[in-house]
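One structure is given here, and the rest of the page talks about it.
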Amino acid sequence: MKWSAVLAVSALAVGAVGFGFAQASGGTGNVLSAAEPCRLVDTRSGSPVGSMQAPLGPGETVALSLYENSGDCTEIPSGATVIEVQLTSIGATQDSFWTAYPADYGTRPTFSQLNPRQALSVVSNTTVVSLSVDGEFKLYNELGTSDVIIDVLGVFTSGSGETGPAGPAGPQGPTGATGESGLTGDAGIAGIDGDDGEVGPQGVAGISGVETVIGTESTKTPSAKSMTATCPVGKAAIGGGHILGDADDSIVMLLENRPTTSSEWTVGVSADFGGLPFSLTAYVICATVVS
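For the sequence shown, the working numbering assigns the number 256 to the initial residue and increments by one for each residue that follows.
Written out as structure tokens, the structure reads:
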């Protein structure tokens, strides 16, 4: 079965950062790193940016790097494992689909993260992409040609950083309980109370254990559908999206794409305008919130 995504912008957010379909890398979890949004690729002839200087062709796969010939993205933190991107297709000559995946994958995955349409001059979607160990990913186009814009919106790095320095001393503890009375001694001079130590700063909240959970696939009919994907116990929904099955010629309207509880993501679509059967699957991006 081929997976296709609805041709609509899927805007997902946690704070100021969005999430789409991704596979988290590493065994220690990923944490969001500070990075300014930047343009990695723009193939339009009037404003070229990055290593791609021509539109993406039919059946073509290009390799892109965050650290070499990376357009306006010159301050990406080292050790990036996952990035959030805005993929944009301009002027597609045929209906197609794009897949973005780590450059060191032996076989291209079968999901799609953007569905360019010949009838629409601009099609865009927000998603996340895992990277190879050297910070590269590949972008594949099935049919036709299209100009490409890729904007980097967020960067995730491995959560296994070095231990930080010790914090400042805390305040003086309370006086202990009074002991039994002893023999009366000579009167001494009373000591001076010590100053309270400074309180350490509040740590920055983060996330770890990012994973994608794909929900149950619906039955294949031309009617409207609504499906929900649920995170494992102990993890919160930080984003999500949808997948259409066997829908190369289907055109539907995205009606709902949002979290419905703290751990669930629900997607709803209209009936197919052409009466073609299709299936709908929701997926949810889950993470453990670290405070």
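Just so you know, even glycine gets a beta-carbon here, dropped at the ideal spot from N, CA and C.
Note that the structure is a prediction, hence the values are computed from the model and not measured.
- When Cβ pairs closer than 8 Å are counted between the two stretches, the region 399-414 is seen to touch the region 337-346, the count reaching three or more.
- Counting every other CB atom within 10 Å of its CB across the protein chains shown gives residue 510 a total below 16, marking it as exposed.
- With a threshold of 16 other beta carbon atoms within 10 Å, residue 396 meets it and is buried.
- A straight-line Cα-Cα distance of about 8 Å links residue 533 and residue 478.
- Restricting attention to beta strand (DSSP E) runs no shorter than 3 residues, the region 306-347 encloses them at 316-320 and 335-345, ordered along the chain.
- Taking every protein chain shown into account, the CB of residue 326 has 16 or more other CB atoms within 10 angstroms, so this residue is buried.
- In the DSSP assignment, the residues bridged to residue 379 are 343.
- Here the alpha carbon of residue 297 sits roughly 36 Å from the alpha carbon of residue 530.
- Separation of residue 474 and residue 522 (C-alpha to C-alpha, rounded to the nearest whole angstrom) is 15 Å.
- When secondary structure is reduced to three states using DSSP, residue 396 falls in the strand class.
- Counting every other CB atom within 10 Å of its CB across the protein chains shown gives residue 470 a total of 16 or more, marking it as buried.
- Annotation: the continuous beta strand (DSSP E) that includes residue 492 extends over 491-500.
- Under the DSSP definition of a beta bridge, residue 480 partners with 524.
- Apart from sequence neighbours up to five positions away, the residues of its chain that approach residue 357 with a beta-carbon distance below 7 Å are 385, 386, 387 and 392, ordered along the chain.
- For residue 398, same chain residues with a beta-carbon under 6 Å away, outside a window of 5 residues either side, are 313, 349 and 351 in chain order.
- Following the DSSP letters along the chain, one finds residue 450 in no beta strand (DSSP E), marked with neither H nor E.
- Between the C-alpha atoms of residue 490 and residue 545 there is a straight-line separation of about 11 Å.
- Bounds of any beta strand (DSSP E) do not take in residue 435, whose DSSP letter is neither H nor E.
- Between residue 377 and residue 286, the alpha-carbon positions lie close to 32 Å from each other.
- Beta-bridge analysis with DSSP links residue 486 to no other residue.
- In the structure shown, residue 391 adopts extended strand secondary structure according to DSSP, grouped into three states.
- Annotation for residue 318: 358, 391 and 393 place their beta carbon closer than 7 Å to its own, counting only its chain and skipping 5 residues before and after.
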